[in-house]
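Data first, discussion second: the structure below is written as structure tokens.
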Amino acid sequence: MQKIAVCVSGGGTNLQAIIDAVHSGKIDNTQIAVVISNKADAYALERANNAGIPALCISPKEYENRSAFGEAMVDALHKYNIDLVVLAGYLVIVPSEMIAAYPNKIINIHPSLIPAHCGMGYYGLKVHESVLACGNKITGATVHFVDEKADHGPIILQKAVEVKNGDTPEILQRRVMEQAEWNILPEAIDLIGAGKVSVQNGIAVVSR
Ligand code: GRF
Numbered sequence: 001m002q003k004i005a006v007c008v009s010g011g012g013t014n015l016q017a018i019i020d021a022v023h024s025g026k027i028d029n030t031q032i033a034v035v036i037s038n039k040a041d042a043y044a045l046e047r048a049n050n051a052g053i054p055a056l057c058i059s060p061k062e063y064e065n066r067s068a069f070g071e072a073m074v075d076a077l078h079k080y081n082i083d084l085v086v087l088a089g090y091l092v093i094v095p096s097e098m099i100a101a102y103p104n105k106i107i108n109i110h111p112s113l114i115p116a117h118c119g120m121g122y123y124g125l126k127v128h129e130s131v132l133a134c135g136n137k138i139t140g141a142t143v144h145f146v147d148e149k150a151d152h153g154p155i156i157l158q159k160a161v162e163v164k165n166g167d168t169p170e171i172l173q174r175r176v177m178e179q180a181e182w183n184i185l186p187e188a189i190d191l192i193g194a195g196k197v198s199v200q201n202g203i204a205v206v207s208r
């Protein structure tokens, strides 16, 4: 059984999709050992509590500097014997201490087809506003391993989603979540738990 930590900042619908996939057996090799939020009032923490999962708040603001925050995160992950860290709507740049301690063992979900509409400043509705402003007809979501750069690192899974006439950023965000994010994030966790994802020369190779 792989043990995962899910890091969150907000509503936690992606966390809920993971919890539901574990309960339904869609993910059958993984235990959600802890949920960590950088915000004490994130609704995602309530979702964790409702599911009986240990939930913590570790805020960068409570630490003297980034490296002290990074060490606190790594300590918490070690305490729960974490194999894989899942960033599910986590709006914090991952501290380098964490990346060094968990190389190719941290994954992130981004609501676009990377390398489009990603990087610093592309989060939440801003991603979907950018897709609509470009007139893209297709968008989607990406699960990737995390490295030092924002929304960068070997791509594990992607799913395309249609952009429709009359879409608002909110409508498009919802469609991307329903059709892509809530499916490919649990799927990636299950594939990694089954040992079906490796990184070769900077590229993630998935065998099914
Ligand atoms: C999702 O769109 C995710 O891709 C992005 O932030 C949003 C978080 O939503 N990184 P939720 O907190 O999982 O509901």
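Residue numbers (our numbering): 1 to 208.
Note that the Cβ used here is the ideal one computed from N, Cα and C, for glycine as well.
Note that the coordinates shown come from a computational prediction; the quantities given were computed from them, not determined experimentally.
Where residue i falls: helix, strand or coil (DSSP)
i	result
G193	helix
N65	coil
K3	strand
N104	coil
T13	helix
C134	helix
E162	strand
Residue i Cβ short of 7 Å to the ligand GRF heavy atom set
i	result
A76	no
E187	no
N49	no
P115	no
I109	yes
L84	no
E181	yes
Rounded Cβ spacing between residue i and residue j (contact assumed at less than 8 Å)
i	j	result
P111	V127	5 Å
Y123	L91	6 Å
G12	A42	7 Å
I18	I189	6 Å
Proximity below 8 Å, CB of residue i to CB of residue j
i	j	result
H144	S130	no
A51	L113	no
V35	A44	yes
C7	V86	yes
Cα-Cα separation between residue i and residue j, rounded to whole angstroms
i	j	result
A5	I99	14 Å
C134	N81	43 Å
V163	A141	13 Å
A33	I203	28 Å
I156	G119	17 Å
F210	E62	Residue 210 falls outside the range modelled here, since the chain spans only 1 to 208, and no answer is possible.
K3	T30	6 Å
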